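Undergrad:
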Amino acid sequence: MAGVDQHEGTIKVQGQNLFFRETRPGSGQPVRFSVLLLHGIRFSSETWQNLGTLQRLAEAGYRAVAIDLPGLGRSKEAAAPAPIGEPAPGSFLAAVVDTLELGPPVVISPSLSGMYSLPFLVAPGSQLRGFVPVAPICTDKI
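Residue numbers (UniProt numbering): 1 to 142.
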(Lines of atoms letter the chains of each structure in order from A; the text may use other names.)
(Lines give C-alpha, C1' and ligand atoms only; values in the text may rest on other atoms or scores of the structure.)
Protein backbone atom coordinates (compact mmCIF):
# COMPACT_ATOMS: atom_id res chain seq x y z
CA MET A 1 0.00 0.00 0.00
CA ALA A 2 1.11 3.57 -0.63
CA GLY A 3 2.09 5.70 2.37
CA VAL A 4 -0.01 7.05 5.16
CA ASP A 5 -1.34 10.59 5.59
CA GLN A 6 -1.00 11.95 9.13
CA HIS A 7 -2.64 15.00 10.67
CA GLU A 8 -2.92 16.58 14.12
CA GLY A 9 -5.40 19.23 15.10
CA THR A 10 -7.95 20.56 17.51
CA ILE A 11 -11.72 20.38 17.30
CA LYS A 12 -14.31 22.27 19.33
CA VAL A 13 -16.86 19.97 20.97
CA GLN A 14 -19.58 21.40 23.19
CA GLY A 15 -17.48 24.51 23.76
CA GLN A 16 -14.29 22.61 24.63
CA ASN A 17 -11.12 22.28 22.53
CA LEU A 18 -10.02 18.67 22.06
CA PHE A 19 -6.73 17.59 20.51
CA PHE A 20 -6.66 14.70 18.04
CA ARG A 21 -4.25 12.71 15.88
CA GLU A 22 -5.41 11.16 12.64
CA THR A 23 -3.99 8.78 10.06
CA ARG A 24 -5.54 7.52 6.86
CA PRO A 25 -4.39 5.62 3.80
CA GLY A 26 -2.20 7.83 1.61
CA SER A 27 -2.21 8.68 -2.09
CA GLY A 28 -5.98 8.80 -2.40
CA GLN A 29 -6.43 5.17 -1.37
CA PRO A 30 -10.00 4.35 -0.29
CA VAL A 31 -10.88 4.25 3.41
CA ARG A 32 -12.66 1.14 4.68
CA PHE A 33 -14.19 2.90 7.71
CA SER A 34 -13.16 4.96 10.74
CA VAL A 35 -11.73 3.73 14.03
CA LEU A 36 -11.95 6.06 17.05
CA LEU A 37 -9.33 5.32 19.70
CA LEU A 38 -9.93 6.55 23.24
CA HIS A 39 -7.57 6.18 26.21
CA GLY A 40 -7.25 5.59 29.94
CA ILE A 41 -6.38 8.11 32.65
CA ARG A 42 -2.60 7.66 32.45
CA PHE A 43 -2.47 7.72 28.66
CA SER A 44 -3.32 9.96 25.69
CA SER A 45 -3.57 9.90 21.91
CA GLU A 46 0.23 9.88 21.89
CA THR A 47 0.14 6.35 23.31
CA TRP A 48 -1.63 5.07 20.18
CA GLN A 49 0.94 6.87 18.04
CA ASN A 50 3.92 5.50 19.98
CA LEU A 51 2.54 1.95 19.85
CA GLY A 52 2.23 2.25 16.06
CA THR A 53 -1.51 1.58 16.17
CA LEU A 54 -2.47 4.68 14.18
CA GLN A 55 0.10 3.86 11.48
CA ARG A 56 -0.89 0.19 11.23
CA LEU A 57 -4.60 0.93 11.00
CA ALA A 58 -4.02 3.42 8.16
CA GLU A 59 -1.75 0.95 6.36
CA ALA A 60 -4.60 -1.57 6.59
CA GLY A 61 -7.01 0.89 4.94
CA TYR A 62 -8.73 2.48 7.94
CA ARG A 63 -9.07 6.09 9.01
CA ALA A 64 -7.74 6.07 12.58
CA VAL A 65 -8.45 8.97 14.93
CA ALA A 66 -7.21 9.17 18.52
CA ILE A 67 -8.44 12.01 20.71
CA ASP A 68 -7.15 13.35 24.00
CA LEU A 69 -10.09 13.21 26.38
CA PRO A 70 -11.05 16.38 28.29
CA GLY A 71 -8.63 17.26 31.06
CA LEU A 72 -5.95 14.88 29.77
CA GLY A 73 -3.03 14.96 27.32
CA ARG A 74 -3.10 17.96 25.02
CA SER A 75 -6.79 18.51 25.93
CA LYS A 76 -5.79 19.28 29.52
CA GLU A 77 -7.52 22.68 29.49
CA ALA A 78 -10.86 21.21 28.36
CA ALA A 79 -13.47 20.68 31.06
CA ALA A 80 -14.87 17.16 31.28
CA PRO A 81 -18.66 16.92 30.85
CA ALA A 82 -18.87 14.72 33.98
CA PRO A 83 -16.69 13.95 37.02
CA ILE A 84 -14.23 11.08 36.60
CA GLY A 85 -16.03 7.82 37.28
CA GLU A 86 -19.46 9.15 36.32
CA PRO A 87 -21.03 8.57 32.90
CA ALA A 88 -20.72 11.53 30.55
CA PRO A 89 -23.72 12.37 28.37
CA GLY A 90 -23.81 10.17 25.26
CA SER A 91 -24.17 13.37 23.27
CA PHE A 92 -20.54 14.27 24.05
CA LEU A 93 -18.97 11.39 22.12
CA ALA A 94 -21.69 11.72 19.47
CA ALA A 95 -20.54 15.32 18.97
CA VAL A 96 -16.92 14.14 18.63
CA VAL A 97 -17.97 11.61 15.96
CA ASP A 98 -20.05 14.23 14.13
CA THR A 99 -17.42 16.97 14.29
CA LEU A 100 -14.71 14.66 12.95
CA GLU A 101 -17.15 13.26 10.36
CA LEU A 102 -16.26 9.69 11.31
CA GLY A 103 -19.49 8.11 10.09
CA PRO A 104 -20.38 5.07 12.16
CA PRO A 105 -16.96 4.23 13.66
CA VAL A 106 -15.52 1.33 15.55
CA VAL A 107 -14.77 2.69 19.03
CA ILE A 108 -11.86 1.25 21.02
CA SER A 109 -12.41 2.14 24.66
CA PRO A 110 -9.98 1.24 27.43
CA SER A 111 -10.45 1.95 31.11
CA LEU A 112 -11.41 5.57 31.94
CA SER A 113 -12.84 6.14 28.47
CA GLY A 114 -15.78 3.90 29.39
CA MET A 115 -17.36 6.95 31.03
CA TYR A 116 -17.64 8.39 27.49
CA SER A 117 -18.10 5.30 25.31
CA LEU A 118 -20.73 3.38 27.28
CA PRO A 119 -23.32 6.21 27.35
CA PHE A 120 -22.69 6.71 23.60
CA LEU A 121 -23.10 2.96 23.01
CA VAL A 122 -26.51 2.77 24.67
CA ALA A 123 -27.87 6.14 23.47
CA PRO A 124 -30.98 5.87 21.28
CA GLY A 125 -30.03 6.14 17.63
CA SER A 126 -26.31 5.74 18.32
CA GLN A 127 -24.34 5.33 15.12
CA LEU A 128 -21.70 2.71 15.89
CA ARG A 129 -20.05 0.18 13.59
CA GLY A 130 -18.37 -1.74 16.39
CA PHE A 131 -17.26 -1.49 20.00
CA VAL A 132 -14.05 -2.85 21.54
CA PRO A 133 -14.19 -2.40 25.32
CA VAL A 134 -10.98 -2.95 27.28
CA ALA A 135 -11.97 -3.01 30.96
CA PRO A 136 -14.02 0.21 30.71
CA ILE A 137 -15.18 1.97 33.85
CA CYS A 138 -18.85 2.83 34.50
CA THR A 139 -20.21 -0.57 33.45
CA ASP A 140 -22.09 -0.63 36.75
CA LYS A 141 -23.77 2.70 35.97
CA ILE A 142 -25.29 1.97 32.59
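In this text, a Cβ means the ideal position worked out from N, Cα and C, and glycines have one as well. All of these numbers come straight from a predicted model, not from anything done at the bench.
Determine the DSSP secondary structure at Leu37, reduced to helix, strand or coil.
TA: Three-state DSSP puts Leu37 in a strand.
Undergrad: Quick check: the segment 110–130 against the segment 87–97, are there 3 or more CB pairs under 8 Å?
TA: The segment 110–130 is in contact with the segment 87–97.
Undergrad: Checking 8 Å against the spacing of the C-beta atoms, do Ile41 and Ser109 come in under that value?
TA: No.
Undergrad: Quick one: grab the DSSP three-state call for Ala66.
TA: Residue state, collapsed to three classes: strand.
Undergrad: Cutting at 7 Å between CB atoms, please list the residues of its own chain near His7, excluding the five before and the five after it.
TA: Here the set comprises Glu22.
Undergrad: Which partner residues does Asn50 have in the DSSP bridge list?
TA: According to DSSP, which records beta bridges pairwise, Asn50 is partnered with nothing at all.
Undergrad: Taking only the alpha-carbon atoms, compute the straight-line gap between Pro104 and Ala123 and give it to the nearest angstrom.
TA: Spanning the two alpha carbons is a distance of roughly 14 Å.
Undergrad: In terms of alpha-carbon separation, which member of Ala135, Thr53, Glu59 lies closest to Ser27?
TA: Closest option to Ser27, Cα to Cα, is Glu59.
Undergrad: Could you tell me the boundaries of the alpha helix (DSSP H) in which Gly114 lies?
TA: Looking at the DSSP string, the run of the alpha helix (DSSP H) that includes Gly114 is 114–122.
Undergrad: Thinking Val96 and Leu37 are a contact (beta carbons under 8 Å), I'd like their distance in whole angstroms, please.
TA: Not a contact, Cβ separation roughly 12 Å.
Undergrad: Would you tell me roughly how many angstroms separate the C-alpha atoms of Lys12 and Asn50, rounded to the nearest one?
TA: The straight-line gap from Cα to Cα measures roughly 25 Å.
Undergrad: According to DSSP, is Gln29 helix, strand or coil?
TA: DSSP places Gln29 in coil when its eight states are reduced to three.
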